[in-house]
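Engineer:
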Amino acid sequence: MKKAVKKFDARPKLNGSWKFLDDYSYENMIFGQLFYSTCHHGIIKNIIFPKNFDLNEFTIISAKNILGKNIVPEPVCDQPFMAEKEVMHFGQIILGIAHSDKKTLRDFVENIKVKYEKLSAIIDPKECLDNERNHFGKEILINHSNNEKNTGNYHKNIYYTQHQEQAYLEPQGAIAIYDETKKTMFVRVTAQCPFFVKSGVETIMGNAINEAIIETSEGIGGAFGGKEDFPNLLAGITSLLAYKSGKPVKIVLTRNDDIQITTKRHPSRIEIETWTNPLTQKIEKCNIDYRLDAGAFQTLSPVVMARGVLHVGGSYAIPNIKIRGRLFKSNTPSNGAFRGFGVPQALAAMEAHIDQIAIDLKIDPYLFRKVNLFKIGDEFPTTQKITENNLIDCLERVIKNSNYLSKKKEFAEWNKDNSNKKGIGISVGFHGGGFTGNGEKVLKSELKIIIEKNANVKIFVANTDMGQGAHTTLSQMFYETINHPKEKCRVQLPNTSKTPNSGPTVASRTIYIIGNLLQKLAREIQKKLNFENLESYVATHQNEFPREFRKVYIPDKSIVFDENNYVGMAYKDYSWAACVNEIYFHADTYKLEIIKSWNVFDIGKVVNQKIAEGQAEGGILQALAYANSEFFYKKKFGRVRNFTDYTLPTTLDVPEIDVEFIHTDNKIAKGLGEIPMDFPAPAVRNAFLNATGIFVDEYPLTPENIFNIIRSKNEN
Amino acid sequence: MKIKFILNKNEVEIDANPMTRLIDVLREHFQLLGTKEGCGEGECGACTILLNDKPVASCIANLIHAENGVILTAEGIAKTKIGTLLIDCFDETNAVQCGFCFPGFLVSSYHYLKTDGEPNLEKIKIALSGNICRCTGYQKIFDSVLMACEKLDLS
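Keeping their order, the protein sequence lines are chains U and S. Quick note: to get this note's numbering, add 506 to the position in the first sequence (first position is 1). Quick note: to get this note's numbering, add 524 to the position in the second sequence (first position is 1).
In C-alpha cells:
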C-alpha cells in the first residue's frame, strides 16, 4: 500500500501555532457575552441589572435593537435571534452584552435577574414524544405498499433515543468587526458553513450593512454538525454588538454556556410493526412511525426528519412498507445537526428491531439479515432500485473478522457458569451521500481555482476543514489527478468574499460532491490546456497566468425525486457498513463494557487511507458512547452543564476499534463523514441482548438505565 | 503581587492577582496560545501544561501555584528532542484531526515518555486519560505514542 499523504496542518496544530477562534485579537477589541433564559417557558416580566456597575460602560442589545429581521434564516424560519416577550426554552438568548474587561462582563452578566411569569413546559423527551398533542403539524408519508392485509408473524416494538451533545472541543465563538466607511461587517467564526453565517448576519443587520464578509478561523476545533446553524445566530448577535459599540467584539462561549444553549441530536421515538413469513423468514410488511423531538423551534429539523425517514426502513428488502415522519415540540433549545442527521436514531430502532424479530423467529440475527438484506434489483421504500451488493460483502467480512459464529457459541457456554455475561451483536447501515433529493440541484455548488505564475494552485471552496482533513484530501484529489507537486497545491481559508459558494460542509458531501467535482475540473483543465506537466506548461506560457478556472456542480439527470410523495432517487450514491460489537456485562455494577468493535465499510474509492480510518474510528467511538454512556437529560436540572456530568469516552473507555474498507470497482469516493456514527450503536444493544436475554428499548444503556430495566422486570 | 517562575526555560516575572487562572496568564500575558480552553473545569485536558514536571490542567490552577516553579507548555515541549519525536509520530499516523486537544495530548505524552516510556498500551491509556479527544476515537493517538516509545527506546 502506498503511504498516506500527511495532513498539512498537523504540525502547527501540535506545536500550538495553528490559530483557533479564541487565538485571534484585534485592536480595540472588546468582549461579548450572551445572557439567556433560565426559565423553560415563560413571559419576561422585567429585567433587573445589578447595581454597582456603570451601565454606560456596557453595550447591551436586545430584540428591540435588531436592525433587520429577528428571525434566524433556516429551512423553517421560526426561531428568533433573541427572545422578545416570551421565552420558549432554557437557553434562549435575551440579551447580548459587551465590555472591554472579561471579568467585569462576567460579574455583570451573572448578576442580571429576570422575573418570569412561568408557563407550562415539556423538557422530558419521552413526555414530549409520547403525546400526539405535541406534534408540530406537518408530516412526511412514504407509502410503498400494495398489500393491505396483515399476515404472518407479528412483531412490534417502540424504541427511544436521547439527546446527544456534539462536544466539539473548541467552544462556539465569533469575532465581528464593523467597517463604517464600506458599511461591511467582517466576521471571523468557527463554523461549518460560512455562507449560512453570511445569511444570518445580513438578516439581523438588515439595511445597516451592504455586505457581511465571513472568514473562518484557521482551525475549527471540531463541529460534528454542532457548528452548522448555531454560528449564524451567534455571529448575528456578535455583529449587532460590534455595530452598536463601534468596536470589534469577540464572543467565545464558556463550555457551560455552550453545552446548555446550543443544538443537540434529536431525541426520538420510533415505533415499528413488522409482519414476517415464518417459512421463508422474510419480512413481508412493515409500518414505521418515526418521531423526533425538535425542541422549541423547527429550524432545520424537517431536513433531519427527511433523512431519517429515508433511512429508517434499514437495509432490507421489504415489499410493503409505510413510513410516517413527524416533528414534536418541547421546551428545550432547538435540536439541530449532528453527524448522522436522523440516521443514528433510525438505525438504533430498526437494527434493534431486526434482532428482536430474529429472536422471535428463533434464527440467528446474522442469518436473518442475510435473508432480508438488499440485493441488486430490490427497492428502497422510495422505489429507488438497489444497484450494488456491497453491504452483503461488508457483513460477511465483519462476521469473519470478528469470529462472530464461534464467539457466539463460546459465550453461550461461558455465560451458563458466570453471573457476569459476554455477548456479541451485529448491526448494519447505510448513508446517502450529499443533500437529500433535489438539494444538490438547488445548491448549484461552485468552486474555483487559480493557477499562479509559479504554478502554485490555489483552491477556493466554501467547505471547511474542521478536523476531518477535508482540505488535505481535497488538494490531494486535485494534484494526484494531474500529477502536480503536493506542496504547490493548497485549499485557501474559506472567505465568502473570495470563495464561490460550494455549499455547506454537511451531509457527507465535501469529498463526495466537491472532491469529485474538483477532480473533474482538474481533468478538464488538463484537456483544455493540453499539458502533461502543469509546471512546465506554466513555465512556457507565463503570459497566460495567473488564470482562474471555475466549475459548477450539476447533478446527474437520472436523479429525479418527488418531494411531495417521497418517490424516486433520494440519493445517487450510498455508502454501506456493517459492525460487530463484543461486550462484557458486569452484573455487580450493571456496567456494559465494550470489549471490541469490528467495522467494515464500502465508501467507494478511498482517497487517503489514514484520514479515512481516523474519520471512521472517531465516528464509531461517538456511536458506541451514544449506545452506552452519553446521556444528556437530567430530571432535576433539565440539562447537563459541562463535561463533568456529560460522560464523554476517555482513553480508558475506548475499546479496540477495527476498521476495514472493502475494495470495490467503484471509481468515485463516496461519503464517509457520517456513516461511522450511524450504525455501530445498535450492535452494542444487540450484544447486550445476546449476553443477557434482556430486551432494551431505550438508549443509552447506562448502568442506571440497565438497573432500572432489570428492576422493573423483576417487579413484574 | 509579583510572581517569578521559569516558563519554557526562560525566567519570567509577572505582577498580577495571584488567583488569576494559569491558563489566562499563559494565553493573555505571555501570548502562549497553544494552551487551549475546552471546558474550564479541568475535565477535558486541552489546557494541560507541565508544572514542576507534573501534568496540570491550567484552567483550574492559579498563578500562585507557579510561584518559583517551572512551567513547560506545548510550545516549549515542541522544541525539545522528545517533543519533536512525538510530533513526528503524530504526523506520521495522521492522528491529528481538529487539533484543539492536541497540544494537551503532546504535553501528557511527553510526560509519559519522560517518566516511563515503556511501549505499553495500558500504561499509555492511563497516562492520557486526563485528555479528551472527540474526533479520533484515540486509536491513532495510541499508535503514535507507542511508536514514539519504540523510537525513543532505539535512540
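Using N, Cα and C, we set each Cβ at its ideal position, and we do this for glycine too. Since this is a predicted model, take the numbers as computed values, not measurements.
Under 7 Å between the Cβ atoms of Glu567 of chain S and Thr1157 of chain U?
Structural biologist: Locating residue 567 of chain S in the second sequence gives position 43, where the first residue counts as 1. Locating residue 1157 of chain U in the first sequence gives position 651, where the first residue counts as 1. It is not a contact, given that the beta carbons lie outside the stated cut-off.
Engineer: Going by the CB atoms, is the gap between Asn1134 of chain U and Val1190 of chain U shorter than 7 Å?
Structural biologist: Walking along the first sequence from the start, residue 1190 of chain U turns up at place 684. Walking along the first sequence from the start, residue 1134 of chain U turns up at place 628. Yes, the Cβ-Cβ distance between Val1190 of chain U and Asn1134 of chain U is below 7 Å.
Engineer: So with Cβ pairs under 7 Å, would you call Leu520 of chain U a contact of chain S?
Structural biologist: Your numbering for residue 520 of chain U matches position 14 in the first sequence. Yes, its Cβ sits closer than 7 Å to a Cβ of chain S.
Engineer: Beta-carbon separation of Cys622 of chain S and Gly973 of chain U under 7 Å?
Structural biologist: Walking along the second sequence from the start, residue 622 of chain S turns up at place 98. Walking along the first sequence from the start, residue 973 of chain U turns up at place 467. Their beta carbons are under 7 Å apart, which means Cys622 of chain S touches Gly973 of chain U by this criterion.
Engineer: Whole angstroms is fine: what's the gap from His1092 of chain U's alpha carbon to Gln1128 of chain U's?
Structural biologist: Against the first sequence, residue 1092 of chain U aligns to sequence position 586. Against the first sequence, residue 1128 of chain U aligns to sequence position 622. Cα-Cα distance, rounded: 22 Å.
Engineer: List, in chain order, every chain U residue whose beta-carbon is nearer than 7 Å to that of Cys568 of chain S.
Structural biologist: Position 44 of the second sequence holds residue 568 of chain S. Simply Leu675, Phe1149.
Engineer: Output, in sequence order along the chain, the residues in the region 613 to 631 of chain S whose CB is closer than 8 Å to any CB in chain U.
Structural biologist: From the region 613 to 631 of chain S, only Phe614, Asp615, Glu616, Thr617, Asn618, Ala619, Val620, Gln621, Cys622, Gly623, Phe624, Cys625, Phe626, Pro627, Leu630 have a Cβ closer than 8 Å to chain U.
Engineer: Ile611 of chain S versus chain U: which residues are under 9 Å apart at the beta carbon?
Structural biologist: Residue mapping note: residue 611 of chain S aligns to position 87 of the second sequence, counting from 1. Result: Ala516, Arg517, Leu520, Asn521.
Engineer: Identify, in the order they occur along the chain, each residue of the same chain with its Cβ nearer than 8 Å to the Cβ of Glu1234 of chain U, setting aside the five sequence neighbours on each side.
Structural biologist: A query on residue 1234 of chain U cannot be resolved here, the shown segment of chain U reaching from 507 to 1222 and no further.
Engineer: Report the rounded CA-to-CA distance for Phe624 of chain S versus Asp667 of chain S, giving the unit in angstroms.
Structural biologist: To locate residue 624 of chain S, count along the second sequence from 1; it is residue 100. To locate residue 667 of chain S, count along the second sequence from 1; it is residue 143. Answer to the nearest angstrom: the Cα atoms are 19 Å apart.
Engineer: How many Å lie between Ile715 of chain U and Tyr749 of chain U at the Cα?
Structural biologist: The count along the first sequence starts at 1 and reaches residue 715 of chain U at position 209. The count along the first sequence starts at 1 and reaches residue 749 of chain U at position 243. If I take the Cα positions, the gap works out to 9 Å.
Engineer: Could you spell out the range, first to last residue, of the alpha helix (DSSP H) harbouring Trp920 of chain U?
Structural biologist: Along the first sequence, one-based indexing puts residue 920 of chain U at 414. Start and end: 910 to 922.
Engineer: Kindly indicate if chain S contains any beta-carbon less than 7 Å away from that of Leu527 of chain U.
Structural biologist: Here residue 527 of chain U corresponds to residue number 21 of the first sequence, with the count starting at 1. With 7 Å as the cut-off, Leu527 of chain U does not count as an interface residue toward chain S.
Engineer: I need the DSSP call for Glu1030 of chain U, collapsed to helix, strand or coil.
Structural biologist: For this step, residue 1030 of chain U is matched to residue 524 along the first sequence. If DSSP states are grouped into helix, strand and coil, Glu1030 of chain U belongs with the helices.
Engineer: Looking only at C-alpha atoms, which of U:Ala1122, U:Ala855, U:Phe966, U:Gly602 sits nearest to Ser751 of chain U?
Structural biologist: Counting from 1 along the first sequence, the entry for residue 751 of chain U is found at position 245. Measuring from the Cα of Ser751 of chain U, the nearest candidate turns out to be U:Gly602.
Engineer: Tell me the DSSP secondary structure of Thr889 of chain U in three-state form.
Structural biologist: The residue labelled residue 889 of chain U in the question sits at position 383 within the first sequence. Thr889 of chain U falls in the strand class under three-state DSSP.
Engineer: Between the Cα of Ser821 of chain U and the Cα atoms of U:Asn878, U:Pro737, U:Arg771, U:Ala854, which residue gives the shortest distance?
Structural biologist: By one-based count along the first sequence, residue 821 of chain U stands at place 315. Considering only alpha carbons, the answer is U:Asn878.
Engineer: Tell me, please, which residues DSSP counts as bridged to Phe587 of chain U.
Structural biologist: By one-based count along the first sequence, residue 587 of chain U stands at place 81. In the DSSP output, where bridge partners are listed per residue, Phe587 of chain U has none listed.
Engineer: With a Cβ-Cβ cutoff of 7 Å, do Val707 of chain U and Met691 of chain U count as a contact?
Structural biologist: Position 201 of the first sequence, counted from the start, is the residue given in the question as residue 707 of chain U. Position 185 of the first sequence, counted from the start, is the residue given in the question as residue 691 of chain U. Yes, Cβ-Cβ distance for Val707 of chain U and Met691 of chain U is below 7 Å.
Engineer: Taking just the CA atoms, how far does Val1044 of chain U sit from Ser807 of chain U?
Structural biologist: Your numbering for residue 807 of chain U matches position 301 in the first sequence. Your numbering for residue 1044 of chain U matches position 538 in the first sequence. Those two C-alpha atoms are separated by around 49 Å.
Engineer: Give, in chain order, every unbroken run of the beta strand (DSSP E) that is at least 3 residues long and sits entirely within the region 554 to 634 of chain S.
Structural biologist: Runs found: 572 to 575, 578 to 581, 594 to 596.
Engineer: Could you tell me the boundaries of the alpha helix (DSSP H) in which Asp613 of chain U lies?
Structural biologist: Translated into the one-based positions of the first sequence, residue 613 of chain U becomes position 107. Its alpha helix (DSSP H) spans residues 608 to 616.
Engineer: Give the straight-line distance between the Cα atoms of Glu734 of chain U and Glu916 of chain U, rounded to the nearest whole angstrom.
Structural biologist: Within the first sequence, the letter at position 228 stands for residue 734 of chain U. Within the first sequence, the letter at position 410 stands for residue 916 of chain U. Straight-line Cα distance between these residues: approximately 46 Å.
Engineer: With a 10 Å radius around its C-beta and 16 neighbouring C-beta atoms as the bar for buried, classify Asp1108 of chain U as buried or exposed.
Structural biologist: For the purposes of this step, residue 1108 of chain U is taken as residue 602 along the first sequence, with counting starting at 1. With 16 or more Cβ atoms within 10 Å of its Cβ, Asp1108 of chain U is classed as buried.
Engineer: Which of helix, strand or coil does DSSP assign to Glu790 of chain U?
Structural biologist: As a position in the first sequence, residue 790 of chain U is number 284, starting the count at 1. The answer is strand: DSSP assigns Glu790 of chain U an E or B state.
Engineer: Hey, is Thr1011 of chain U's beta-carbon within less than 7 Å of any beta-carbon in chain C?
Structural biologist: Given the protein chain composition of this structure (U and S), no chain C is represented.
Engineer: Starting from the C-beta of Lys1034 of chain U, find all residues in its chain whose C-beta is less than 8 Å away, skip the five residues before and the five after it, and write them out in chain order.
Structural biologist: The residue you call residue 1034 of chain U lines up with position 528 of the first sequence. Closer than 8 Å at Cβ, skipping near neighbours: no residue.
Engineer: So what does DSSP say about Arg551 of chain S, is it helix, strand or coil?
Structural biologist: Residue 551 of chain S sits at position 27 when you count from the first residue of the second sequence. If DSSP states are grouped into helix, strand and coil, Arg551 of chain S belongs with the helices.
Engineer: Rounded to whole angstroms, what's the CA-CA distance from Glu790 of chain U to Cys634 of chain U? Just pull it up for me.
Structural biologist: To locate residue 790 of chain U, count along the first sequence from 1; it is residue 284. To locate residue 634 of chain U, count along the first sequence from 1; it is residue 128. Approximately 32 Å, taken between the alpha carbons.
Engineer: Report the rounded CA-to-CA distance for Ser1064 of chain U versus Leu739 of chain U, giving the unit in angstroms.
Structural biologist: Along the first sequence, one-based indexing puts residue 1064 of chain U at 558. Along the first sequence, one-based indexing puts residue 739 of chain U at 233. If I take the Cα positions, the gap works out to 37 Å.
Engineer: Would you call the region 1174 to 1183 of chain U in contact with the region 1005 to 1022 of chain U, where contact means no fewer than 3 C-beta pairs closer than 8 Å?
Structural biologist: The answer is yes - the region 1005 to 1022 of chain U touches the region 1174 to 1183 of chain U, with three or more Cβ pairs under 8 Å.
Engineer: Along the region 1123 to 1142 of chain U, where does the CB come closer than 7 Å to a CB of chain S? Name the residues.
Structural biologist: The residues in question are Glu1123, Gly1124, Ile1126, Leu1127.
Engineer: Within 10 Å of its beta-carbon, does Leu1207 of chain U have 16 or more other beta-carbons around it, so buried, or fewer, so exposed?
Structural biologist: Taking the first sequence and counting its residues from 1, the one referred to as residue 1207 of chain U is at position 701. Buried, by the Cβ-count rule.
Engineer: Is the region 859 to 871 of chain U in contact with the region 968 to 985 of chain U, if contact means three or more CB pairs nearer than 8 Å?
Structural biologist: Not touching, per the Cβ criterion.
Engineer: If Phe526 of chain U sits next to Lys560 of chain S, beta carbons under 8 Å apart, how far is it from one beta carbon to the other, in whole angstroms?
Structural biologist: Residue numbering aside, residue 526 of chain U sits at position 20 when the first sequence is read from its first letter. Residue numbering aside, residue 560 of chain S sits at position 36 when the second sequence is read from its first letter. Sure, about 7 Å apart at Cβ, within 8 Å.
Engineer: Which residue's Cα is closest to the Cα of Ala589 of chain U: U:Ile549, U:Tyr1096, U:Ile1215?
Structural biologist: Along the first sequence, read from residue 1 onward, the residue named residue 589 of chain U stands at position 83. Here the closest residue by C-alpha is U:Ile549.
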